[in-house]
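Q: For the sequence shown, my numbering begins at 65 and goes up steadily by one.
Quick one: the structure is below, questions incoming.
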Amino acid sequence: MMRCTVTGGGCVASWIGDRRSPAVNPFSVRMSTGNGGWCGGLRSRAAELSGLEMAHLRGGIGGLFRASPRYGRLQATAAVDPEDIPLEKVQVKSSGHVMPYVGVACLGAILFGYHLGVVNGALEYLAKDLGIAENAVLQWTSAYCSGWVVSTSLAGATLGSFTGGSLADKFGRTRTFILDAAPLAVGAFLSATAQDIRTMIIGRLLAGIGIGISSALVPLYISEISPTEIRGTLGSVNQLFICIGILAALLAGLPLAGNPAWWRTMFGIAVVPSILLAVGMAFSPESPRWLFQQGKVIQAESAVKRLYGKEMVTEIMYDLRASGQSSSETEAGWFDLFSKRYWKVVSVGAALFLFQQLAGINAVVYYSTSVFRNAGITSDVAASALVGAANVFGTMVASSLMDKQGRKSLLMTSFSGMGASMLLLALSFTWKALAPYSGILAVVGTVLYVLSFALGAGPVPALLLPEIFASRIRAKAVALSLGMHWVSNFFIGLYFLSVVNKFGISNVYLGFASVCVLAVLYIAGNVVETKGRSLEEIERELSVAE
Numbered sequence: 065m066m067r068c069t070v071t072g073g074g075c076v077a078s079w080i081g082d083r084r085s086p087a088v089n090p091f092s093v094r095m096s097t098g099n100g101g102w103c104g105g106l107r108s109r110a111a112e113l114s115g116l117e118m119a120h121l122r123g124g125i126g127g128l129f130r131a132s133p134r135y136g137r138l139q140a141t142a143a144v145d146p147e148d149i150p151l152e153k154v155q156v157k158s159s160g161h162v163m164p165y166v167g168v169a170c171l172g173a174i175l176f177g178y179h180l181g182v183v184n185g186a187l188e189y190l191a192k193d194l195g196i197a198e199n200a201v202l203q204w205t206s207a208y209c210s211g212w213v214v215s216t217s218l219a220g221a222t223l224g225s226f227t228g229g230s231l232a233d234k235f236g237r238t239r240t241f242i243l244d245a246a247p248l249a250v251g252a253f254l255s256a257t258a259q260d261i262r263t264m265i266i267g268r269l270l271a272g273i274g275i276g277i278s279s280a281l282v283p284l285y286i287s288e289i290s291p292t293e294i295r296g297t298l299g300s301v302n303q304l305f306i307c308i309g310i311l312a313a314l315l316a317g318l319p320l321a322g323n324p325a326w327w328r329t330m331f332g333i334a335v336v337p338s339i340l341l342a343v344g345m346a347f348s349p350e351s352p353r354w355l356f357q358q359g360k361v362i363q364a365e366s367a368v369k370r371l372y373g374k375e376m377v378t379e380i381m382y383d384l385r386a387s388g389q390s391s392s393e394t395e396a397g398w399f400d401l402f403s404k405r406y407w408k409v410v411s412v413g414a415a416l417f418l419f420q421q422l423a424g425i426n427a428v429v430y431y432s433t434s435v436f437r438n439a440g441i442t443s444d445v446a447a448s449a450l451v452g453a454a455n456v457f458g459t460m461v462a463s464s465l466m467d468k469q470g471r472k473s474l475l476m477t478s479f480s481g482m483g484a485s486m487l488l489l490a491l492s493f494t495w496k497a498l499a500p501y502s503g504i505l506a507v508v509g510t511v512l513y514v515l516s517f518a519l520g521a522g523p524v525p526a527l528l529l530p531e532i533f534a535s536r537i538r539a540k541a542v543a544l545s546l547g548m549h550w551v552s553n554f555f556i557g558l559y560f561l562s563v564v565n566k567f568g569i570s571n572v573y574l575g576f577a578s579v580c581v582l583a584v585l586y587i588a589g590n591v592v593e594t595k596g597r598s599l600e601e602i603e604r605e606l607s608v609a610e
């Protein structure tokens, strides 16, 4: 059998020959793309095909996206008679389409960002409307973690992130999305129609559970259906749509100044994408990897055909078999994550999210309004818009670099930039020589920090984790890591102002800078590069390493 993978411009295509034909022996090939690059080191794999398929190799090369034809030149690099291979040039035309399903999944990311951001603009108005402003206990809580409304959603998100992994393993990815739409929609509806604080808290708790499930499920599903060559780009789209959701919540709050009751509409808007998510997932293919792991081989082949085209079925099914992703192994339990076999890679996932939060992103966002006011920018909306725009721009840049520079490189660059920005922020508050420029430097440091975060620390962990976790533990391990994210997020929000009051903002920023340095050192020694490699190849390498 012979196999060639053709890449170019973010697409990948493959063809496979029949090793049973007496005129053809297994061999490896190299392909030079139209711009002269090489796909290095690709080796043949043994798989069985009908001999009739050899007659269709010239025109039967499958790509990934219907609208993007690719061309390549194939060169044999092993002992084989060239006359037996009538493939001097191969035209690659795609026959699969992944993007619509990635787009549907990203509705969950938009809802994630929207539910996180919607309460910021609406909190003051709903507090007056529901009587929270007159409650001293609720006022005290608000001073430390943006109120019961925010705290409840974070607690719900923690619960949802741990629950999402088990649901995804039991019911599959698409069915779990459909189930997730229920708390997202009901939570939004209860929040929009609440007449008292109890109903609002229940609504925010349900919405929090929904976004917690989404936070684990969206990157998991995207990573499992994305083609290897553009998995990084598509995976980072998750973070981009979270940012878009936050910006959408900001824009939704603009009419509040003229219409204080508008906050109900802001919450109610979230019902629409929740319903669209459920409807879209009802028509989306299940993850082939989950189906194969459940022993549903025929359904897995059907899903592969819908996602990548019929030409890719044999190759991908071979990869799944070669990686041992079958129902022969029992389903992993939560305690399996802490076993000697998996703990090292699971600890990497948890550590990345801990570094992400302990490096100070939420603290910078929380304090950004004060920083901008000291610099003369008194509009909270303008300050939030500047931070949000920097986040979106940085994430867009990261998306374009993810499959070129690699995950590990972007992570190290990102944390380095975050550390330097934190140092600049600390100096702007303490160095007397910079006092005349402290306001401007603080704004520059804040924007640079958010940009640096968006380049790697923001999008990469959620993308990298589903790549490095074995299929047997993938859903639960992602859920555990996201749980660490939400727990650390909650406690940072709870104690940040207390720590600032005790140690001073400049010392806190120096502490964050130290965490960034530790993150760079940890990533350099423990994180593997996954760029350009299939999930099955990554799993096999890490299994050998263990």
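Each residue gets a CB set at the ideal place from its N, CA and C atoms; glycine is no exception.
Taking contact to mean 3 or more Cβ pairs, one atom from each stretch, closer than 8 Å, check whether the region 264 to 271 and the region 348 to 366 are in contact.
A: no
Q: Please report the distance separating the alpha-carbon of I275 from that of G172.
A: Looking at the two C-alpha atoms, the distance is approximately 7 Å.
Q: Can you tell me whether P500 is buried or exposed, with buried defined as 16 or more other CB within 10 angstroms of its CB?
A: exposed
Q: Can you name, in chain order, every residue of its own chain whose Cβ lies under 6 Å from the Cβ of V456, other than the five neighbours on each side?
A: C307
Q: Would you check if the distance between the CB atom of G296 and the CB atom of R471 is smaller than 8 Å?
A: yes
Q: Have a look at V336, S432, T459 and G332 and flag the residue whose alpha-carbon is nearest the alpha-carbon of L254.
A: Checked all of V336, S432, T459 and G332; the closest Cα to L254 is G332.
Q: In terms of residues, what are the limits of the alpha helix (DSSP H) holding V10?
A: A question about residue 10 goes unanswered here, because the residues of the chain that appear run from 65 up to 610.
Q: Could you tell me which of G452, L561 and R536 sits nearest to L512, measuring between CA atoms?
A: Taking L512 as reference, the option from G452, L561 and R536 with the minimal CA-CA separation is G452.
Q: Ignore the nearest five residues each way along the sequence and tell me which others in D467's own chain have a CB closer than 8 Å to its CB.
A: G74, E293, I294, R295, G296, T297, K595 and G596
Q: Identify, in the order they occur along the chain, each residue of the same chain with its Cβ nearer than 6 Å to the Cβ of T494, setting aside the five sequence neighbours on each side.
A: Around T494: S570.
Q: I'd like the list of long-range same chain contacts for G181, defined as Cβ closer than 8 Å, with 5 residues on each side in sequence excluded.
A: Within the same chain, G181 has close Cβ partners G309, I310, L311, A312, A313 and L314.
Q: Could you round the C-beta distance between G520 and A462 to whole angstroms and report it? I think they count as a contact, below 8 Å.
A: 6 Å
Q: Starting from the C-beta of S545, find all residues in its chain whose C-beta is less than 6 Å away, skip the five residues before and the five after it, and write them out in chain order.
A: G413, A414, F417 and L529
Q: Do Y285 and A396 have their CB atoms nearer than 8 Å?
A: no
Q: Assuming A423 and F479 form a contact by the criterion Cβ under 8 Å, report the distance between their Cβ atoms to the nearest whole angstrom.
A: Confirmed, Cβ separation roughly 7 Å.
Q: Please work out which residues of its chain come closer than 8 Å, Cβ to Cβ, to S217, disregarding the five sequence neighbours upstream and downstream, and give them in chain order.
A: H179, L180, V183, R268, L269, A271, G272 and I275
Q: Quick check: S492 and S485, are their CB atoms within less than 8 Å of each other?
A: no
Q: Is the region 574 to 581 touching the region 397 to 408, taking contact as three or more C-beta pairs under 8 Å?
A: no
Q: Distance, Cα to Cα, N426 vs D400?
A: 32 Å
Q: Just how far apart, CA to CA, sit A346 and G522?
A: 29 Å
Q: Inspect the beta-carbon positions of S432 and A447 and report whether they are closer than 8 Å.
A: yes
Q: Buried or exposed for P352, please, with buried defined as at least 16 other CB atoms from any protein chain shown within 10 angstroms of its CB.
A: buried
Q: Can you find the residues in the same chain that come closer than 6 Å, C-beta to C-beta, to F554, ignoring five residues on each side of it along the sequence?
A: L218
Q: Please state whether DSSP places S619 in a helix, a strand or coil.
A: Nothing can be reported for residue 619: it is not among the residues displayed for the chain, which extend from 65 to 610.
Q: Quick check on the DSSP output: the alpha helix (DSSP H) that includes Q357 runs from which residue to which?
A: P352 to Q357
Q: On a Cα-Cα basis, can you pick out the residue from Y559, C580 and P164 that is closest to L340?
A: P164
Q: Assuming A534 and E593 make a contact with CB atoms under 8 Å, what is their CB distance in whole Å?
A: The Cβ separation is near 17 Å, so there is no contact.
Q: Look at the alpha carbon of A221 and the alpha carbon of A497, and state the distance between them as a whole number of angstroms.
A: Each residue's Cα considered, the two are about 44 Å apart.
Q: By Cβ distance, which residues of its chain are closer than 6 Å to F226, with the 5 residues on each side in sequence left out?
A: Cβ neighbours of F226 beyond the five flanking positions: A543 and G547.
Q: Buried or exposed: Y189, going by 16 or more other Cβ atoms within 10 Å of its Cβ?
A: buried
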